[in-house]
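The numbering of the sequence shown is this note's numbering, which starts it at 2 and goes up by one.
Beta carbons: idealized from backbone N, C-alpha and C, even for Gly.
These numbers come from a predicted model, not from an experiment.
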Amino acid sequence: MFKCVLPIAAAVVAASAQAAWADTSSTQTAPPAKSAADSPSHTQVARETLDNGLQVIVVPDRLAPVATTMLTYKVGSREAPKGFPGMAHAQEHMMFRGAKGLSAQQIAGISAALGGQSNAFTTNDSTTYYFTVPNQFTDVALRLHAERMKSVLDKPADWKQERGAIEQEVSQDMSSPIQVAIKRMREALYQGTPYSHDALGTRASFNKTTAKMLKHFHDQWYAPNNAVLVVAGNVDADKILAEAKNLFGGIPSKKLPERKPVKPGKIESKTIHMPTDSGYGFALIGSRAPGSRNAQAMATTEVLASVLNNPRGPLYTQMVASGKSLAARYTTLPAALGSIGVSYVVFPKGADADALVKQMRSILGNIAKHGISPDQVAAAKRQLVTQDTAARDSISGLAHRWTQAVAVDHLQSPADQLAAIKNVTAADVNKMLAKLVQPDQSVLAILKPEGSGAPQTGGGYGGSESFSPKNVGHVKLPDWAAKPLSKITTPAQSIKPVATTLDNGVKLITVPSNSVHAVHVYGHIRNEPDLETPKNQEGVSDVVSELLDFGTTRHDRKAYQAALDAIGAQASAGTNFSLTVLPDHFDKGLDLLAENELHPALPKPAFKRLQQRAAASQAGTIASPDFKANQAMKKGILPKGDPALRFATPKSIAGLTYSDVTAYYHKVFRPDLTTIVVVGDISPDRAKKAVAGAFGDWQAHGPKPDVTLPKIGDNKSSFHHVPDKSQSQDTVQLAESLGLTPNAPDYRALKMANQVLTGGAFASRLYRELRVQRGLVYYVSSGLDTSRTRTQLAFQYGSDPDKVDEADKLIRQALVRMAKVPVSSNELHRARAGLIRQVPLNEAGADSIGYGLLSRVELDQPLNEPYRAARAYQSIDAKQIQAAVKKWFRPGDLVRVVQGPKPK
């Protein structure tokens with residue numbers, strides 16, 4: 002279940018598409034706004050340490066009828082035995098393979114029937130297991146946690162099967178050059194300490210690991226006095242505390258082993274050179290940074306990062322706004338006793354990486370030499386307060402914040418970290434920066450993009466093989482789970498969106514909630530570049546998007562960011578636009594958002610710089626395996642000449658004129674195709690008045706453009722291999738076009754079929770057959786990718802080259818089986834429960850509410866579509882699912898694209 006998502010990888014990808022942020026000029030400061038830390042709701046937190054040492058924290062939140070239970074053990078890769086770096090990770094996997102009186106099949110069945118999200122993750126310092134579920138099943142989730150704390154089976158046969166899956170995960174992560182570079186950087190910075198390796202582990206160590214060793218590891222570390230239980234959501238704190246005492250109170254504490262110290266020696270500065278098949282190159286400078294348990298030092302690092310990443314600052318101005326690089330940022334990869342600070346730059350293929358590294362070092366050195374001003378620090382702290390407030394507007398996010406603060410950082414609450422941030426001074430920040438920019442105390446990694454060869458295409462693959470049909474067997478659940486999970490009720494809508502349309506055509510949807518602390522604005526302009534881009538101007542939409550970061554007709558780029566900083570607001574413009582701001586500054590923040598969206602500067606000097614960078618960047622992109630694999634799938638699915646086959650080239654971007662860019666902006670950005678969603682503790686009337694004031698004068702010009710792609714017919718089977726030298730594991734996509742829309746009668750029956758295939762993870766057909774029983778893959782996913790006029794059935798999995806064909810064959814066989822034999826009553830119940838019980842989870846966070854509503858507008862669905870679908874799922878039976886599968890799924894027509902080594 003472990004997924005090692007290193008923040009740098011996500012940050013680099015995000016930074017490639019967004020601006021970064023910081024500056025030396027002073028800003029005018031707005032009056033301080035009330036933070037969520039001051040909210041009365043935070044006095045409702047209940048906590049107790051049981052006699053056996055288990056810390057229990059209950060954080061009530063009434064946003065939705067949902068709860069997240071998060072149990073964290075204070076054991077991670079730091080405590081792994083020498084030579085077995087993935088021991089904690091392996092035991093995390095085996096916690097899903099059964100406990101005394103609770104089989105793996107029962108754990109999977111309960112998790113699937115809960116309909117929520119269940120997973121786990123392992124870090125250097127901890128291992129966390131969580132469930133996000135409808136709140137009436139909180140006790141079931143807690144019971145699962147308790148049973149696995151008491152014991153774990155760790156059977157040799159189970160470990161033999163799970164080892165295959167975990168080795169697939171290692172192959173997946175080690176196929177990422179960024180992951181490998183960070184791994185090597187970590188080894189250099191923390192050599193000789195338990196932090197010299199990450200939590201992932203290696204194939205070699207897993208081959209030496211035995212089930213007996215795993216059981217011993219559990220018996221040593223999995224104890225109530227080494228754990229923290231956080232429950233957040235719409236729950237009764239007293240009842241949760243009582244339930245925790247009942248379920249966990251009888252589990253004895255243990256004498257814990259001595260923990261290994263983290264005392265790194267002198268750093269040996271080095272440079273790591275690696276190739277990457279990404280369309281971009283990366284240069285990363287890593288140095289040691291304070292551990293997260295040093296609250297004040299960590300807070301100082303957060304403020305420093307906010308200053309360095311500000312778009313007004315030298316990093317962004319000289320490296321990104323100048324057109325030299327795609328991103329330049331500073332981030333921290335945190336760990337309790339010693340983090341890694343990373344300054345990185347993302348550059349187009351062909352750029353001079355050494356020169357960019359030299360420039361980045363020079364910029365950071367100059368900032369350290371001249372110092373960061375108190376005004377910059379104050380602006381950074383306002384931004385961090387808004388981020389802290391907004392992060393509370395998610396039930397699962399709330400649980401994670403408390404878990405990090407208490408279980409990992411050993412604080413009393415997340416408020417301690419916010420208080421530390423507020424206490425940071427400019428002197429603290431300058432002192433920290435001086436430590437982090439010393440070249441002889443750092444490790445440099447340079448990843449240069451290289452090609453991997455041309456895709457190879459063949460004819461059809463596989464087909465509808467015959468076999469003896471069988472269904473996943475019935476799993477008898479224990480009474481404590483079976484009884485509450487047996488009845489499936491359709492949930493009542495927990496949010497009350499209020500929709501209205503302004504005179505100019507802007508659709509406004511307001512979702513008032515006094516459980517949301519910040520105000521979140523989500524906007525979308527319906528558009529389709531494949532239809533709206535004139536001939537030979539492919540790439541114009543991307544250039545427009547980047548130009549929007551260069552200020553407005555009223556404020557230049559730095560002045561606009563300064564206005565946002567003055568109120569701690571975060572905003573982005575484009576066909577997708579957004580704003581996050583504290584309630585006191587909502588009107589001002591909305592005015593600034595509208596100013597950028599409606600009156601962008603689109604400066605001509607910046608256009609030339611961005612055009613050159615975009616052309617160079619696209620040259621690398623179209624040579625990358627990711628792009629080639631995506632295009633191979635499109636060519637397999639779409640008819641010749643389809644608009645969606647268009648893509649930008651260096652030539653098409655270089656041929657753009659400034660008038661092309663401004664014409665595209667005026668054609669696409671129009672109110673009568675725009676939807677705005679406001680989520681927060683704000684009335685619909687106030688939201689309408691503010692939105693009308695900011696966006697009401699916006700007028701559409703010219704005829705409304707066509708933004709709906711034409712329908713397509715059925716595709717034919719084909720096979721494509723895209724070489725990718727950076728991958729040791731293959732990424733496999735299977736897909737086919739379906740001739741129905743999301744509002745078609747059979748669509749919901751197909752959603753239930755998909756739920757049987759991969760929904761509910763280990764209880765699903767494909768997870769059981771491909772991962773649990775055979776260890777062919779680490780993950781397998783499937784879904785219906787949908788627009789107003791097009792739907793695709795799509796599968797994806799990762800496996801070793803010698804396992805690709807077998808996994809492919811089993812997926813096709815599963816589709817044939819589903820058309821021949823109705824799903825079992827047990828599978829039908831799980832699918833129905835899973836889909837219906839997922840509905841409230843999608844309203845358990847401001848982001849999921851906002852983007853969910855925008856998605857329904859985009860698909861031309863009613864705003865209450867999830868509840869309409871839930872009622873429909875109650876009546877769809879096995880025969881309807883079988884008939885829909887037989888009509889629409891065509892296993893013999895699946896297009897297969899393999900990215901990585903050639904399948905064996």
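Residue range of the beta strand (DSSP E) that includes residue 289: 281-290
Exposure of residue 157, with buried meaning 16 or more beta-carbon neighbours within 10 Å: exposed
Backbone CA spacing between residue 330 and residue 281 [nearest angstrom]: 15 Å
Top-ranked residue by Cα proximity to residue 231, from 73, 741, 86 and 548: 73
Reduced DSSP secondary structure (H/G/I, E/B, other) of residue 887: helix
Beta-carbon gap between residue 846 and residue 394 smaller than 8 Å: yes
Cβ-based burial, residue 601 [other Cβ within 10 Å; buried from 16]: buried
First and last residue of the uninterrupted alpha helix (DSSP H) at residue 317: 315-320
Close Cβ partners of residue 892 (< 7 Å) along its chain, the five nearest in sequence each way excluded: 465, 813, 816 and 817
Rounded straight-line distance, which links the Cα of residue 118 to that of residue 66: 14 Å
Bounding residues of the beta strand (DSSP E) (the contiguous stretch that carries residue 721): 719-723
Minimum C-alpha distance to residue 430 - residue among 304, 405 and 824: 304
Test item: CB-CB of residue 739 and residue 790 under 8 Å: no
Per-residue DSSP class, three states only, for residue 525: strand
For residue 110 and residue 769, the rounded distance between their alpha carbons: 11 Å
Burial state of residue 861, where buried means 16 or more other Cβ atoms lie within 10 Å: exposed
Element boundaries [beta strand (DSSP E), containing residue 799]: 792-800
Rounded straight-line distance, which links the Cα of residue 668 to that of residue 674: 11 Å
For residue 76, the three-state DSSP class (helix, strand or coil): coil
Endpoints, the alpha helix (DSSP H) within which residue 660 is located: 659-669
Residues sharing a beta bridge with residue 734, DSSP: 797 and 898
Short Cβ contact (8 Å threshold) for residue 517 with residue 680: yes
N-terminal and C-terminal residue of the beta strand (DSSP E) that residue 877 is part of: From DSSP, residue 877 is part of no beta strand (DSSP E); its letter is neither H nor E.
Residues sharing a beta bridge with residue 486, DSSP: DSSP output for residue 486 lists no bridge partner at all.
Run of the alpha helix (DSSP H) containing residue 304, from where it starts to where it stops: 296-309
Extent of the continuous beta strand (DSSP E) run through residue 786: 781-787
8 Å Cβ cutoff met for residue 121 and residue 95: no
Whole-angstrom distance between residue 185 and residue 328, CA atom to CA atom: 22 Å
Proximity of residue 50 and residue 146 at Cβ, strictly below 8 Å: no
Uninterrupted alpha helix (DSSP H) stretches inside the region 121-155 (no shorter than 4 residues): 139-151
Pairwise C-alpha distance: residue 720 and residue 726: 19 Å
Beta-carbon proximity of residue 755 to residue 894, cut-off 8 Å: no
Given residue 369 as reference, the closest of 437, 346 and 334 once Cα atoms are compared: 437
Cβ neighbour criterion (16 or more within 10 Å) applied to residue 822: exposed
Whole-angstrom distance between residue 163 and residue 904, CA atom to CA atom: 22 Å
Contact the region 691-707 vs the region 586-599: 3+ CB pairs below 8 Å: yes
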